[in-house]
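To keep things clear, I will list the structure first and then write my remarks on it.
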Amino acid sequence: MISTVIWCLFAGMTVMAALAVATSKNVVHCGFGLLFSLLGVCAMYVFLGADFLAATQVIVYVGGILVLILFGVMMTHRITATDLKSELVQPVAALIAAVAILVLSVGMILEQVWPAKEHLDPITPTTHAFGVSFLTDYLFPFEFASVLLLVALIGAAMFTRDSAGEDSDHV
Amino acid sequence: MNFTWSDAAYFGPEAVMGLTFLLCVLGDLVTRGRRHVVPFGTLLVGTAISLVLALLHPPVSSHAILGQMVVVDGFAHFFRLLFLGITFVTALLSWSSREIMGRDREHQGEFYALAAMLCFGMMVMAESADIVMLALSLEAVSITSYILAGFARFSFRSSEAALKYVLWGAVSSAVMLYGLSLFYGLTGATSYEGIRAGLSGGQGGMALLVAILFVMAGIGYKISAVPFHFWTPDVYEGAPAPVAAIFASGPKIAGFALMIRFFYVALVQDDSQGTLALLDDVQWPWVLAIISAATMTLGNMAAIRQNSVRRLLAYSSIAHVGYMLMGFVVLSANGLAAVLFYLFVYAIMTIGAFLVVVALNNRVSGEEIDDYAGLGFREPLVAAMMFLFLISLTGLPPTAGFIGKFYLFAAAGEAGLWWLAILGVLNSVVSLYYYMRIARAMYFTPPELSGRVGLAQAHLILLVVLAVPTLVLGVFWSPLKEFADQSLRMLLGGG
Amino acid sequence: MEAFQQMLSQAGWAQGMQPWALSGLAMLFAGGTILGGVAVGAMFFIWTERKVAGYIQSRYGPMYVGHFHGVLQSIADGVKLLLKEDIWPTDADKFLFRIAPLLVFTGAFLSFVVLPFGPDFVGASLDIGLFYAFATSSLVVMGVIAAGWGSNNKWSLYGAMRGAAQVISYEIPLGLAVLPVVMSVGSLNLGTLAEAQRGWLWSWHLFNPIFFVSFVIYLISSLAEVNRVPFDLPETESELVSGYHTEYTGMKFAFFFLGEYADMFVVSAIAVSVFLGGWYTGIPAVDAFVPAPLVFILKSVFLVFVQIWLRWTLPRLRVDQLMYVCWKVFIPLSLANLFIYGLIRSMVG
Chain A
288 MISTVIWCLF AGMTVMAALA VATSKNVVHC GFGLLFSLLG VCAMYVFLGA
338 DFLAATQVIV YVGGILVLIL FGVMMTHRIT ATDLKSELVQ PVAALIAAVA
388 ILVLSVGMIL EQVWPAKEHL DPITPTTHAF GVSFLTDYLF PFEFASVLLL
438 VALIGAAMFT RDSAGEDSDH V
Chain B
122 MNFTWSDAAY FGPEAVMGLT FLLCVLGDLV TRGRRHVVPF GTLLVGTAIS
172 LVLALLHPPV SSHAILGQMV VVDGFAHFFR LLFLGITFVT ALLSWSSREI
222 MGRDREHQGE FYALAAMLCF GMMVMAESAD IVMLALSLEA VSITSYILAG
272 FARFSFRSSE AALKYVLWGA VSSAVMLYGL SLFYGLTGAT SYEGIRAGLS
322 GGQGGMALLV AILFVMAGIG YKISAVPFHF WTPDVYEGAP APVAAIFASG
372 PKIAGFALMI RFFYVALVQD DSQGTLALLD DVQWPWVLAI ISAATMTLGN
422 MAAIRQNSVR RLLAYSSIAH VGYMLMGFVV LSANGLAAVL FYLFVYAIMT
472 IGAFLVVVAL NNRVSGEEID DYAGLGFREP LVAAMMFLFL ISLTGLPPTA
522 GFIGKFYLFA AAGEAGLWWL AILGVLNSVV SLYYYMRIAR AMYFTPPELS
572 GRVGLAQAHL ILLVVLAVPT LVLGVFWSPL KEFADQSLRM LLGGG
Chain C
3 MEAFQQMLSQ AGWAQGMQPW ALSGLAMLFA GGTILGGVAV GAMFFIWTER
53 KVAGYIQSRY GPMYVGHFHG VLQSIADGVK LLLKEDIWPT DADKFLFRIA
103 PLLVFTGAFL SFVVLPFGPD FVGASLDIGL FYAFATSSLV VMGVIAAGWG
153 SNNKWSLYGA MRGAAQVISY EIPLGLAVLP VVMSVGSLNL GTLAEAQRGW
203 LWSWHLFNPI FFVSFVIYLI SSLAEVNRVP FDLPETESEL VSGYHTEYTG
253 MKFAFFFLGE YADMFVVSAI AVSVFLGGWY TGIPAVDAFV PAPLVFILKS
303 VFLVFVQIWL RWTLPRLRVD QLMYVCWKVF IPLSLANLFI YGLIRSMVG
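Chains as they are written, first to last, in the numbering used here: chain A, 288 to 458; chain B, 122 to 616; chain C, 3 to 351.
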């Protein structure tokens, strides 16, 4: 009962915040909307008994990605002066696509019977299981992901460094 | 099933490419980015070793390795040879390209490292047997591609290309991941086999349709099928030409490999007669048939209006995706073999055509069709090669492109998709018009300047190297066809 | 929380209540207890800081309020802050300006839930306690950014950017430093980590050479994590007036202040439970009759005292030095440490 109420609160927060992200004209407000949306998703994970995932969600998305997004926004010259433009480009095609996706998604949610568990177990520790599967079954994806991140890192360094050459000697 | 070291033996070529990437980075770091020959050499040697390893140990049966995440079989073998070849050739053509190695350029070392990573990612894409690996490998190839697209970072066009690519890529990846999560939700499995097993129970319905559509959005972006193709012309035009050559061949082919494995393992079953059948309720071919028709028609129609050679080639590559999808939707081994055959041929002729663009870059006045005027008189060899690639792209005998298209149309006809085959033929006729515009400029327009253009020796040699198989496969195509058939046997026959 | 629920269900006046109301009440009680503890504790630390600063600088610090060495000074300050005018800068971003202190305080407050004051004296004995405590500090970063941007003041903005950059950078060595200990104990639960150090003094993790390196890295990084000297660049009164909370007055300012001191306690308490034997005194015989929470709190307060001591002793680093230390010293060092520990573990078995 009480957890249903709390769930509804978090679900509402997630959706409202996501709406704010989509509709706000202020980029920084979008960022903070995203904060609440991500926190709401984190709460959903908690309700699903995925404790480790929930904490990771906060550390990675809020503590890392969102902060970097806001950094980018704040370092951009005169970002406040730019209004977020949302012009209508090809309204008819967009409308058709949007309505089609909406109909399909809603239809799917209403109609589909998911082969899911009826009752969730209370929060059980998942960290150990995560660790074991990362180093056994999912070792290759895990390592592959780290190479992927290395590539992203190289790319980021490539695009943002001033200029290679002379000043690369005395860094 | 756990990870074991004995699995690693099957994974040699891929492991070598992954190592090559790291060594390229390291080599560039040790030489402080001054001796570009170090990463370049590392890439060439690594690719060669990988190629030798792959050729020495062709898989004799299907091995699910590394915790069932990837499958090494004949299908994977076919693509890994193709990707290694593409990487080798594009590395060579980049080395003498001004757009990559010019004096005003930087990060040349990283270019080769990224090329190695791209190859590694593409090989894994073709081998993924689990939606986790599907998403990861697709993302690896995409992220590497974004960086390569923006390689000339002080060029406005290149940056624009990278940005457009990233935005498209991010959106379609997100949509695809949602689709994949629906598959997981429906079946509770992440492996392709598990998904098929879960779906045979008959949980079809709306969710499955949505899932397939959304996954198609992700893959469709990778192979640039309509309506996910918008980024293609801008990226091919903005990115440096060698990068465009890579994009037009590598990632697109990897997208096909991924798509074929996913759809044919997870969503198709063998019935007892040895023919392929759809799972109950899983009707995807009609969706793809429509995409195929739209892709080839739109690609060709748009190509007619282009004046820039690069944009023309970009739209033509979209059209080719449409032709290849035709072989994909017919649900037969013949159709898939035709796709594989065509992918191979397509890689050669597309790289060839882009190689001409690379070779002429900065040496003629621009990249409009008119800038190629009189090339037939100034550089007869290059013009002849370009002409050859163009007729192969059109699909005229005696080139490999003709054989490839013939197989594709035949497969479509065999499956009763006559309307699609006829549309394909009509489209080829249309494509003849715009390919010949280039040919006309080369041979029937007098040059503004006279004398030789002056091209890099390496490019000329490479052009010949690529032209030979284009011609030879047009005459002796059966070895390649057999290789393609054989590669598919393990995928479809369950061997 | 379970303890509260049990107490409530035994209490006479709560007999006829529905179970959901009971658990709701228990939630409120548990939360209220922690909130009260945080507020009182933070006030105590503020007083300590001023007294320590006074002694280090050869002066008295607060002396009058409360008759005994100004013990009630913080309460007086609190009342003063309550009564102060709530000033809004012109063109401040109203929404961000308002939520910033809340985010900072909530972030600090949430970590208290997992601190193990004793074997069964913990808000929620989460399996991911340590990880959770790091996660909540992300909220503090967001609060700092909100404050900096919302204030519409360039000092605030600079302070906020520095603060956020510093916190997210130092989170990495902070996390990596505790990993060897986590590997050894096999748990992220702070209570379990403390429990593993039962026994004589030398069974504390601090006295293992590898963990000692971890401890040093952790201690220094935690100073940066809570924006204390020598890493107090976000506030640098000589350049940025007061950093991200320049524009705050009254209760909003008080929240920042409380949050900062609560954070100091949290990082200290984590250090205590991971490295310094948690609620154990180091002498098994003594453990039997000394109340666990007292030991735990005393140890944490000592670490808070160390932070205060450092603040009034050390000069401040430059921004580039700060980043250098993090990325080029601590992260490689903690990675090497982790690697060596893993190697030893896998060889010894």
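In this text, a Cβ means the ideal position worked out from N, Cα and C, and glycines have one as well.
Cβ-Cβ distance between residue i and residue j below 8 Å
{"i": "C/Ala273", "j": "C/Ser336", "result": "no"}
{"i": "B/Ala378", "j": "B/Gly456", "result": "no"}
{"i": "C/Ser139", "j": "C/Glu173", "result": "yes"}
{"i": "B/Ala338", "j": "B/Met380", "result": "no"}
{"i": "B/Pro160", "j": "B/Cys145", "result": "yes"}
{"i": "A/Phe431", "j": "B/Ala261", "result": "yes"}
{"i": "B/Ala474", "j": "B/Leu419", "result": "no"}
{"i": "B/Val485", "j": "B/Asp492", "result": "yes"}
{"i": "B/Gly376", "j": "B/Ile344", "result": "yes"}
{"i": "B/Pro363", "j": "B/Glu489", "result": "no"}
{"i": "C/Val321", "j": "C/Leu235", "result": "yes"}
{"i": "C/Val143", "j": "C/Ile170", "result": "yes"}
{"i": "B/Phe508", "j": "B/Ala560", "result": "yes"}
{"i": "C/Gly177", "j": "C/Gly145", "result": "no"}
DSSP three-state assignment for residue i, whether helix, strand or coil
{"i": "C/Trp22", "result": "helix"}
{"i": "B/His350", "result": "coil"}
{"i": "B/Ser249", "result": "strand"}
{"i": "B/Ser393", "result": "Low confidence applies to B/Ser393: its pLDDT is 49, below 50, so where it sits in the model is not reliable, and the reading given next is rough at best. In this structure, B/Ser393 counts as coil in the three-state DSSP scheme."}
{"i": "A/His415", "result": "helix"}
{"i": "A/His316", "result": "helix"}
{"i": "B/Glu535", "result": "helix"}
{"i": "B/Asn421", "result": "helix"}
{"i": "B/Phe405", "result": "The identity of residue 405 of chain B in the sequence shown is Trp, whereas the question assumes Phe. Here B/Trp405 sits in coil by DSSP."}
{"i": "C/Thr283", "result": "coil"}
{"i": "B/Met327", "result": "helix"}
{"i": "B/His441", "result": "helix"}
{"i": "A/Thr301", "result": "helix"}
{"i": "B/Glu135", "result": "helix"}
{"i": "A/Val347", "result": "helix"}
{"i": "B/Thr141", "result": "helix"}
{"i": "C/Trp90", "result": "coil"}
{"i": "B/Tyr305", "result": "helix"}
{"i": "C/Val124", "result": "coil"}
{"i": "B/Ser258", "result": "helix"}
{"i": "A/Gly452", "result": "Note on A/Gly452: pLDDT 49, under 50, position unreliable in the model; no value is reported."}
{"i": "C/His69", "result": "coil"}
Per DSSP, the bridge partner or partners of residue i
{"i": "B/Ile186", "result": "B/Val191"}
{"i": "B/Ser312", "result": "B/Asp251"}
{"i": "B/Glu489", "result": "B/Ser429"}
C-beta neighbour in chain D for residue i, strict 8 Å
{"i": "A/Ser433", "result": "The structure shown contains no chain D; the protein chains it does contain are A, B and C."}
Closer than 7 Å: residue i CB and nearest the ligand NAP heavy atom
{"i": "B/Phe232", "result": "The ligand content of the structure shown is nil, which means the ligand NAP is not present either."}
Query raised in the report: Do the segment 360-371 of chain B and the segment 208-224 of chain B meet, that is, are 3 or more Cβ pairs less than 8 Å apart?
Result: yes
Requested in this report: Report yes or no: do the segment 530-544 of chain B and the segment 464-475 of chain B share at least 3 C-beta pairs separated by less than 8 Å?
Outcome: no
Requested in this report: Taking only runs that begin and end inside the segment 171-257 of chain C, name each unbroken beta strand (DSSP E) of 3 or more residues, in chain order.
Outcome: none
Report task. Could you tell me whether the segment 140-150 of chain C touches the segment 242-250 of chain C, using the rule of 3 or more Cβ pairs below 8 Å? Result -> yes
Query raised in the report: Are the segment 562-579 of chain B and the segment 436-447 of chain B touching, with three or more C-beta to C-beta distances below 8 Å?
Result: no
Query raised in the report: Do the segment 328-335 of chain B and the segment 386-394 of chain A touch if we need at least three Cβ pairs shorter than 8 Å?
Result: yes
Query raised in the report: Would you say the segment 32-49 of chain C touches the segment 68-82 of chain C, given that touching needs at least three Cβ pairs under 8 Å?
Result: yes
Report task. Determine contact between the segment 339-350 of chain C and the segment 86-94 of chain C, defined as no fewer than three beta-carbon pairs at a distance below 8 Å. Result -> no
Query raised in the report: Should the segment 246-259 of chain B be regarded as contacting the segment 170-177 of chain B, the criterion being three or more beta carbon pairs within less than 8 Å?
Result: no
**Report entry** Residue ranges of each alpha helix (DSSP H) within the segment 446-530 of chain B, 4 or longer
**Finding:** 454-481, 496-499 and 501-515
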